[in-house]
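With the sequence shown counted from 1, adding 284 to any position gets you this note's numbering.
The structure under discussion appears below in the form of structure tokens.
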Amino acid sequence: MNKRLNKLKIALVAGTVLGLFAARIVFATKYFVNMTLSYTFDPPSLTIEVGDTVTWFNQDIEDHTSTSDSGSTDPWDSGDVHSGDSWPRQFNSPGTFNYHCIYHFNQGMTGTITVNSVVPPTLSSPMRPNNSQFQFTISGTVGQTYIIETSGNLANWVAIATNVAPSNVFNYTNTSATNLTHFYRVKQGL
Ligand SMILES: [Cu+2]
């Protein structure tokens, strides 16, 4: 089992033509891999993003390890993880990493962590095409879901649109914008 906890990748833009600023807040996701009674890692393969943490949990009665295969560009070794204990590791470089338990790799206790690089959205080119519209450009990843939120005070945010990016760079237009200053931010959806 693995759990995806709060995954928010946020870009922020001020909703005035002159007041463009951008900031990113990235919250890492936590994943869990079980070391099982049957000498397996569950799940055996996992795809995560840079900055995410994987925690191995030993649900067996024997010791196990999470140890990167030799030649890894981002090596790790948990040492002995005792029954009922866990060992977390944050992954900070992209790549595909095979690993094993040093005691049970001959029994097939192996796994793979694939770490994708993160491309957070950036916002640019704010403009007001007319008095009731506010538009800006989102640079992200084609096919990725982005949730657009707006706020008048940077405290209370309201989602106003969910877009699947038709291309890596696309425009968003709020067609019911007011003349009051509003802030916009974009979250990467799950
Ligand atoms: Cu083992």
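Glycine included, each C-beta is placed from N, C-alpha and C at the ideal position.
Mind checking residue i: buried by the 16 CB within 10 Å criterion, or exposed?
i, result
"T380", "exposed"
"N415", "exposed"
"G424", "buried"
"Q472", "buried"
"T324", "buried"
"I332", "buried"
"N390", "exposed"
"S460", "exposed"
What does the alpha-carbon distance come out to for the pair residue i and residue j?
i, j, result
"P327", "T339", "12 Å"
"A439", "A449", "26 Å"
"Q417", "N452", "23 Å"
"D358", "G436", "44 Å"
"P413", "N458", "10 Å"
"F305", "M411", "Its pLDDT being 41, under 50, F305 is placed unreliably in this model, and the value from its coordinates should be taken loosely. Spanning the two alpha carbons is a distance of roughly 13 Å."
"S352", "T320", "18 Å"
"A307", "W360", "The pLDDT assigned to A307 is 42, lower than 50, so where the model puts this residue is not dependable; a value taken from the coordinates is nonetheless given after this. Taking the straight line from one Cα to the other gives about 32 Å."
"T462", "V334", "38 Å"
"N455", "T434", "16 Å"
"T349", "A312", "24 Å"
"H384", "V403", "29 Å"
"S377", "L464", "42 Å"
"H466", "V426", "26 Å"
"D344", "P405", "41 Å"
"S354", "D336", "22 Å"
"R469", "I444", "10 Å"
"Y387", "N318", "16 Å"
"N382", "M393", "11 Å"
"R373", "D347", "18 Å"
"N447", "S356", "38 Å"
"I309", "G395", "Low confidence applies here, because I309 scores a pLDDT of 46, under 50, leaving its location unreliable and the question unanswered by this model."
"W316", "F341", "Note that residue 316 is Phe in the sequence shown, not Trp. Spanning the two alpha carbons is a distance of roughly 7 Å."
"S408", "W441", "20 Å"
"K314", "W371", "12 Å"
Tell me where the beta strand (DSSP E) around residue i begins and ends.
i, result
"R373", "370–374"
"R412", "Careful: R412 lies outside any beta strand (DSSP E) and carries neither H nor E."
"Y387", "No beta strand (DSSP E) contains Y387, which DSSP labels as neither H nor E."
Pairing CB atoms from the segment 419–438 with CB atoms from the segment 391–402, are three or more of them under 8 Å? Touching, no.
Would you be able to state if there are at least three C-beta pairs under 8 Å between the segment 359–378 and the segment 424–433? Counting C-beta pairs with one atom in each stretch, the segment 424–433 and the segment 359–378 have fewer than three that are closer than 8 Å, which means they do not touch.
Minimum length 3: unbroken beta strand (DSSP E) runs contained in the segment 311–352: For the segment 311–352, whole beta strand (DSSP E) runs of length 3 or above, ordered along the chain, are 314–319, 329–333, 337–342.
Continuous beta strand (DSSP E) assignments of at least 3 residues falling wholly in the segment 400–473: Runs of the beta strand (DSSP E) inside the segment 400–473: 406–411, 418–423, 429–435, 442–448, 453–458, 467–472.
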